[in-house]
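Everything below concerns the one structure shown next.
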Amino acid sequence: MDRDKVIDVKTGRDLGLMVCLDCHKVLSVPEDEGDGLCPRCGAKVFLRRPDSIAETWAFLITSLILVFPANILPIMRVDFMGSQEYSTIMDGIIYFFKEGSYGIGIIILTASILVPLFKVIGIALILLSIKFRWRSWLRHKDLMFRFIEFIGRWSMLDIFVIALLMATVDFGFLTSIAAGPAAGFFCGVVISTMLAAISFDTRLIWDAY
Amino acid sequence: MSEFELHEGFIVCPECDLILRESSVEHGFKIVCPRCGTTLRSVVLHSPEKVIALALAGLLFFIPAIFFPLLTLQIAGLEHSGSVWDSAVKLIRSGFLFPGIMVLLTAVVVPLANFIILLTVAIQIQFKRANRITARMFRLYHHMEEWGMLEVYMIGILVTIIKLFHMARIIYDTGFFCFIGLIVSSVGLILVLDEHRFWEEIEQQGRQYVIASEPGKELDEVTFKRERDTLLG
Chain X
1 MDRDKVIDVK TGRDLGLMVC LDCHKVLSVP EDEGDGLCPR CGAKVFLRRP
51 DSIAETWAFL ITSLILVFPA NILPIMRVDF MGSQEYSTIM DGIIYFFKEG
101 SYGIGIIILT ASILVPLFKV IGIALILLSI KFRWRSWLRH KDLMFRFIEF
151 IGRWSMLDIF VIALLMATVD FGFLTSIAAG PAAGFFCGVV ISTMLAAISF
201 DTRLIWDAY
Chain F
210 MSEFELHEGF IVCPECDLIL RESSVEHGFK IVCPRCGTTL RSVVLHSPEK
260 VIALALAGLL FFIPAIFFPL LTLQIAGLEH SGSVWDSAVK LIRSGFLFPG
310 IMVLLTAVVV PLANFIILLT VAIQIQFKRA NRITARMFRL YHHMEEWGML
360 EVYMIGILVT IIKLFHMARI IYDTGFFCFI GLIVSSVGLI LVLDEHRFWE
410 EIEQQGRQYV IASEPGKELD EVTFKRERDT LLG
């Protein structure tokens, strides 16, 4: 079933070449296999990113911890004629579905809940598959990782919406909107999952080949 | 013998480490890694000129898009409007320092820095003045790019409108239209930027080369070529 392994391929490591991840310059691996600075752009060049897996796990676990307060605590407070109403991320989504605006409900649901969840599970799967040397589905894993990298930033959507609501809906006693304690945790989830994706070296997926 | 040799004639896929032979790419074609599917080369004609044009356009839109009011709300005869800048400052003022700074960075500071960096780099390349500082700046852009989230903010504006239009009258202000202009220029920039070409130009135009094992040693082009030839054997 190993569909990936059809052709015999040579990698940079086989031929003693390594590529600068910043400017994509091809350099040869120094004899001690250590890292050095890229002569073209000055970035650190390495055969594989040092401590990539440990760093990725660290950021991943951080985000997993932050996910709970981000979803349980209220993220928004609506003041209307002296009464205060707190709502969590899920409340906001349910509100849209009850209103009948399913499209926007699905967008928020995807950006705030599904995307962070998918990122954490996806990266964890890739890390586990490297750890236990599962050699199948390499291309799919790489595709999934690139998708995770791409969608990472879209989780900030909810924070932007709340910030903009705060700026526009400000009518004193009549009605106003404020952020809730979950906002900080939610930003933390976005940053730590993005950093997890950045610190992962995709070439480690393909080393199983 | 230097630790690092400069290798011509190979592409190493940065995503999966596969080795490919370098070949020239015509406009309209691209080189795609056969193993992982990453696009390795894709030619944009007149990339520096296009980058200069779009970065200038983006910078022109920038101030009105960020500081002018985006939307004005009317509820029961009362009016209030807010801008991108207000949205970040309001968060910070009401005690949400961390989310506020994140909004400020991702929607204002990083996009502005990206526009300025790309404009400077493209001008230096266009006028054959690229140097080591150009390389440093372009590398900075490479790392900052994904932290600029203007498109996400744009969707945020649309969600806000949908959220509010049941309860209030919404007036679209100057800032809103300038923000659309800003989005068009920033998305356009990503499309017209030929990163490979930019790096090649930076390398060719930079007259001061440093061989990695001897940090700080500057060589003129003739010496560099001789050294490189001996290195490559």
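The listed protein sequences correspond, in order, to chains X and F.
Okay, so the first sequence: first residue is 1 according to the numbering used here, each after it adds one.
Okay, so the second sequence: first residue is 210 according to the numbering used here, each after it adds one.
Glycine included, each C-beta is placed from N, C-alpha and C at the ideal position.
Predicted, not measured: the structure shown is a model, and the values here were computed from it.
The beta carbon of E55(X) lies closer than 6 Å to those of S199 in the same chain, with the five residues before and after it left out. Annotation note: the region 212-264 of chain F contains the following uninterrupted beta strand (DSSP E) runs of length 3 or greater, listed N- to C-terminal: 219-221, 228-230, 239-241 and 248-251. Counting along the chain, no alpha helix (DSSP H) covers G152(X), and no H or E run does either. In the DSSP assignment, V78(X) falls within the unbroken beta strand (DSSP E) covering M76 to F80.
Here I159(X) is buried, its C-beta having at least 16 other C-beta atoms within 10 Å. In this structure, I240(F) lies near R250(F), with their beta-carbon atoms less than 7 Å apart. If you compare the alpha carbons of L27(X), L60(X) and W57(X) with that of K44(X), the shortest gap goes to L27(X). Secondary structure of L21(X) (DSSP, three-state): coil. From the listed residues P273(F), H351(F), M311(F) and P278(F), the smallest Cα separation to L391(F) is found for P273(F). Along the region 284-320 of chain F, the beta strand (DSSP E) occurs as fully enclosed runs of 3 or more residues at 287-291, listed in sequence order. Below the 8 Å Cβ cutoff, chain F contributes no neighbours of A70(X), its closest Cβ being approximately 11 Å away. For T11(X), no beta strand (DSSP E) segment is defined, and its DSSP state is neither H nor E. Neighbours of C387(F) in chain X, taken as residues whose beta carbon is under 8 Å from its own, are absent, since the nearest beta carbon is some 15 Å off.
Excluding its 5 nearest sequence neighbours in each direction, M358(F) has C-beta neighbours in its own chain below 7 Å: T315 and A316, listed in chain order. The three-state reading of DSSP puts L359(F) in helix, counting H, G and I together. Chain X places no beta carbon closer than 7 Å to that of R230(F), leaving this residue out of the contacts. For D170(X), DSSP records a beta bridge to S176(X).
Contact note: I240(F) does not reach chain X at a C-beta cutoff of 7 Å; the least C-beta distance is about 12 Å. Taking 7 Å as the cut-off, the beta carbon of L174(X) is found no closer than this to the beta carbon of T369(F).
Neighbours of L21(X) in chain F, taken as residues at a C-beta separation under 7 Å, are given in chain order as P223. In the DSSP assignment, L27(X) falls within the beta strand (DSSP E) that extends over V26 to S28. The region 64-82 of chain X makes contact with the region 168-185 of chain X; the number of CB pairs closer than 8 Å reaches 3 or more.
Of all residues in the region 42-75 of chain X, only G42 and A43 come within less than 7 Å of chain F when Cβ atoms are compared, listed by chain position. For E85(X), the enclosing beta strand (DSSP E) starts and ends at S83 to S87.
G36(X) carries a strand assignment under DSSP once its states are collapsed to helix, strand and coil. Within chain F, the residues whose beta carbon sits less than 7 Å from that of A183(X) are F305 and P308, listed in sequence order. A Cβ of chain X is located within less than 7 Å of the beta carbon of K299(F). Residue pairing for L280(F): DSSP places it in a beta bridge opposite G291(F) and Y381(F). Taking a Cβ-Cβ threshold of 7 Å, the residues of chain X close to L280(F) are T168, in chain order. For G122(X), the enclosing alpha helix (DSSP H) starts and ends at V115 to K131.
In the structure shown, K98(X) adopts helical secondary structure according to DSSP, grouped into three states. Counting along the chain, R341(F) sits inside the alpha helix (DSSP H) bounded by residues R341 to M353.
Proximity of chain X to A344(F) at the Cβ level (cut-off 7 Å) is accounted for by R40, C41 and G42, in chain order.
For V368(F), the chain X residues whose Cβ falls inside 8 Å of its Cβ are I104, I107, I108, L157 and V161, in order along the chain.
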